[in-house]
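Data block below; observations after.
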Amino acid sequence: MKVSFSVNGAELSGDVEPRTLLVDFLRNDLGLTGTHVGCDTSQCGACVVHLDGRSIKSCTLLAVQAEGMQVTTIEGLADGDALHPMQAAFREEHGLQCGFCTPGMIMSAIDLLQNNAAPTEKEIRDWLEGNLCRCTGYQNIVKSIQTNAKSQ
Amino acid sequence: MINDFEFTQPRDVSEALEALAEKGRVMPVAGGTNVLVNMKRAPLETDLLVDLTRLEALEPILSDNGRIRLGAGVTFARLLEWRPGGAVEGLMGPMCVAFAGPLIRNLATVGGNLCDASAAADASPPLLALDACVELESATGGSRTLPLPAFFQGVRKTARRATELVTGIEFSKPEDDERWFYYKLGKRKADAISIVSIAMTVKLAGGKVERARIALGAVAPFAMRVPEAEGILQGEPLNDSTIAAAAATAARESRPIDDFRATGAYRRQMVEALVKRGLNEVARRGK
Ligand SMILES: Cc1cc2nc3c(=O)[nH]c(=O)nc-3n(C[C@H](O)[C@H](O)[C@H](O)COP(=O)(O)OP(=O)(O)OC[C@H]3O[C@@H](n4cnc5c(N)ncnc54)[C@H](O)[C@@H]3O)c2cc1C
Ligand code: FES
Ligand code: FES
Numbered sequence: 072m073k074v075s076f077s078v079n080g081a082e083l084s085g086d087v088e089p090r091t092l093l094v095d096f097l098r099n100d101l102g103l104t105g106t107h108v109g110c111d112t113s114q115c116g117a118c119v120v121h122l123d124g125r126s127i128k129s130c131t132l133l134a135v136q137a138e139g140m141q142v143t144t145i146e147g148l149a150d151g152d153a154l155h156p157m158q159a160a161f162r163e164e165h166g167l168q169c170g171f172c173t174p175g176m177i178m179s180a181i182d183l184l185q186n187n188a189a190p191t192e193k194e195i196r197d198w199l200e201g202n203l204c205r206c207t208g209y210q211n212i213v214k215s216i217q218t219n220a221k222s223q
Numbered sequence: 443m444i445n446d447f448e449f450t451q452p453r454d455v456s457e458a459l460e461a462l463a464e465k466g467r468v469m470p471v472a473g474g475t476n477v478l479v480n481m482k483r484a485p486l487e488t489d490l491l492v493d494l495t496r497l498e499a500l501e502p503i504l505s506d507n508g509r510i511r512l513g514a515g516v517t518f519a520r521l522l523e524w525r526p527g528g529a530v531e532g533l534m535g536p537m538c539v540a541f542a543g544p545l546i547r548n549l550a551t552v553g554g555n556l557c558d559a560s561a562a563a564d565a566s567p568p569l570l571a572l573d574a575c576v577e578l579e580s581a582t583g584g585s586r587t588l589p590l591p592a593f594f595q596g597v598r599k600t601a602r603r604a605t606e607l608v609t610g611i612e613f614s615k616p617e618d619d620e621r622w623f624y625y626k627l628g629k630r631k632a633d634a635i636s637i638v639s640i641a642m643t644v645k646l647a648g649g650k651v652e653r654a655r656i657a658l659g660a661v662a663p664f665a666m667r668v669p670e671a672e673g674i675l676q677g678e679p680l681n682d683s684t685i686a687a688a689a690a691t692a693a694r695e696s697r698p699i700d701d702f703r704a705t706g707a708y709r710r711q712m713v714e715a716l717v718k719r720g721l722n723e724v725a726r727r728g729k
């Protein structure tokens, strides 16, 4: 069936089967492979994108459900070569090791700061409940978000 | 591989009701946080998926004449931001904080939580303690309202007919002096299904219990009130002996099972401990 929505500011329409997950549409049809699939069961947060500005797990939504909405993925954050401040903070503070969880972490973290510009460490950790990282132990992820929050 | 089905995204309630009345197997989807997870485990038992997320009539939270109405499509993220004050906020606030994480709360709806009717559905105990009713509508049958205890009928079974849409949940706004207690016992937050959850509202008058509503989650096939325990408290002061009697009775009334999260025996002990804790807290508050 036909869908049209905007992805990273570009209006697009396509033909998808209703059963297509948003994450599969982004990765397979649009080639936006920055959004990862970890668990595929709504647990890990590797697939987080913004839907009308709010962070959601894109393995938990059908592409057709996004009809008419605005989707932002990790690819939509940088302004040309200039990283989004949250991306820059993750680089600065070594907020990643293998990088698998990183796109989801960054998308979640941006939504956190939209809701709460100066979160405490506990608020950051609570917010990231649905984002799992198997490498970093979270310490530097939290630090990255704090660094970005302070610089705002 | 996910099985194939048709999809429709109605723009208003009457369009949605027409879709639900269509022949064949039809299933609503709201936030999809149950439906999408389920469809990856087993073929979805539906030919047509009806997306409810564009139904504006399911969105509002209304407060009018002492009645509160939550649209079925209200997400847990919105509930968490809501500031009704008093017992409603006292129960709903901590329930929402303990509900999944922000990513799931942004999608998951109250209506979906009740319709999925898991024994551990977290919206159920607070809404039972607030004596809430579920509004249902269908294309041919008009609308009806069911008290929550009559809505739940078994393990993941509700009184909703396949052609019916849950449009909202309503309850009376408690008096300002209503007391409350909420607690969710789980293992880890983001994916912690409740082991036991408890919500209560208690109205005291002249040092005695005028009315107590105690609701438990995850200790029976569906969330339940404990009428015998509530009855023990009726007309009595809250003291060590009435509290102990009510707590023991509530534990007896619960029907917990053993599963990989906890044993039934542990759950039953926790019911007793948490009812005790809740009533003690209720008794202390306001002193
Ligand atoms: C990672 C994760 C964590 C979770 N944590 C919790 C938790 O802490 N506590 C908890 O209680 N649950 C939890 N859940 C389960 C789930 O998120 C909730 O049950 C949620 O409220 C379901 O709402 P939904 O809008 O996503 O429902 P959907 O998945 O869209 O629908 C659920 C069911 O209800 C039906 N339905 C939905 N809306 C209506 C309506 N208006 N009228 C008629 N039928 C309707 C659908 O057909 C379906 O059968 C979790 C799920 C995940 C994936
Ligand atoms: S891939 Fe979506 S939450 Fe893990
Ligand atoms: S950096 Fe490897 S999973 Fe987080």
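So the protein lines, in turn, are chains A and B. For the first sequence, the positions run 72 to 223 when my numbering is used. For the second sequence, the positions run 443 to 729 when my numbering is used. Backbone N, C-alpha and C fix where the C-beta goes; we use that ideal spot for every residue, glycine too.
Shown in chain order are the members of the region 542–574 of chain B whose Cβ falls below 8 Å from a Cβ of chain A: 542, 543, 544, 545, 546, 548 and 549. Under the Cβ criterion of 8 Å, residue 89 of chain A is counted among the residues facing chain B.
In the DSSP assignment, residue 469 of chain B forms a beta bridge with B:491. When Cβ pairs closer than 8 Å are counted between the two stretches, the region 587–599 of chain B is seen to touch the region 557–566 of chain B, the count reaching three or more. Using beta-carbon distances, residue 119 of chain A counts as an interface residue toward chain B, with a partner under 8 Å. Residue 219 of chain A is positioned such that its CB atom lies closer than 8 Å to that of residue 184 of chain A. Take the alpha-carbon of residue 223 of chain A and the one of residue 518 of chain B: they are about 28 Å apart. When the beta-carbon positions are compared, residue 611 of chain B and residue 552 of chain B come within less than 8 Å of each other. Identification of chain B residues near residue 132 of chain A by a Cβ-Cβ cut-off of 8 Å yields 474, 478 and 549, ordered along the chain.
For ligand 2, a non-hydrogen atom lies closer than 7 Å to the CB of residue 128 of chain A. In this structure, residue 114 of chain A has its CB closer than 7 Å to one or more heavy atoms of ligand 2.
Neighbours of residue 72 of chain A in chain B, taken as residues whose beta carbon is under 7 Å from its own, are 449 in chain order.
At a cut-off of 8 Å between beta-carbon atoms, residue 162 of chain A makes no contact with chain B.
With fewer than 16 neighbouring CB atoms inside 10 Å of its own CB, residue 676 of chain B falls in the exposed class.
Neighbours of residue 700 of chain B in chain A, taken as residues whose beta carbon is under 9 Å from its own, are absent, since the nearest beta carbon is some 24 Å off.
Taking a C-beta distance under 8 Å as the contact criterion, residue 491 of chain B and residue 89 of chain A qualify as a contact pair. In terms of beta-carbon proximity, residue 217 of chain A stays away from the interface with chain B, with every pair separated by 8 Å or more.
Identification of chain B residues near residue 135 of chain A by a Cβ-Cβ cut-off of 8 Å yields 449, 451 and 493, ordered along the chain. Shown here, residue 198 of chain A sits in a helix according to DSSP, grouped into three states. Listed along chain A, no residue sits closer than 8 Å to residue 465 of chain B by beta-carbon distance, the nearest being about 18 Å off. For residue 665 of chain B against residue 563 of chain B, the beta-carbon gap comes to about 7 Å, under 8 Å, which counts as contact. Assigned with DSSP and collapsed to three states, residue 657 of chain B falls in strand. For residue 95 of chain A, the secondary structure class from DSSP, reduced to helix, strand or coil, is helix. The C-beta distance from residue 697 of chain B to residue 570 of chain B rounds to 15 Å, too long to meet the 8 Å contact threshold. In chain order, 645 place their CB closer than 6 Å to the CB of residue 652 of chain B, counting only its own chain and leaving out the 5 sequence neighbours on each side. From the beta-carbon of residue 444 of chain B, the residues of chain A found nearer than 7 Å are 90. As computed with DSSP, residue 580 of chain B is found in a beta bridge with B:584.
Under the three-state reduction of DSSP output, residue 172 of chain A falls in the coil class, being neither helix nor strand. If you ignore the 5 residues before and after residue 85 of chain A, its C-beta comes within less than 7 Å of the C-beta of 74 and 100, all in its own chain and listed in chain order. By DSSP's assignment, residue 589 of chain B forms a beta bridge with B:575. In the DSSP assignment, residue 158 of chain A falls outside any beta strand (DSSP E) and within the unbroken alpha helix (DSSP H) covering 156–163. Excluding sequence positions up to five before and after residue 514 of chain B, its CB lies within less than 6 Å of the CB of 500, 553, 608, 609 and 610, all in the same chain and listed in chain order. Against chain B, the beta carbon of residue 100 of chain A has no neighbour under 9 Å; the closest one sits roughly 16 Å away. Straight through space, the alpha carbons of residue 694 of chain B and residue 723 of chain B are spaced by roughly 22 Å. Contact annotation: residue 469 of chain B and residue 488 of chain B have beta-carbon atoms nearer than 8 Å.
Shown here, residue 89 of chain A sits in coil according to DSSP, grouped into three states, outside any helix or strand.
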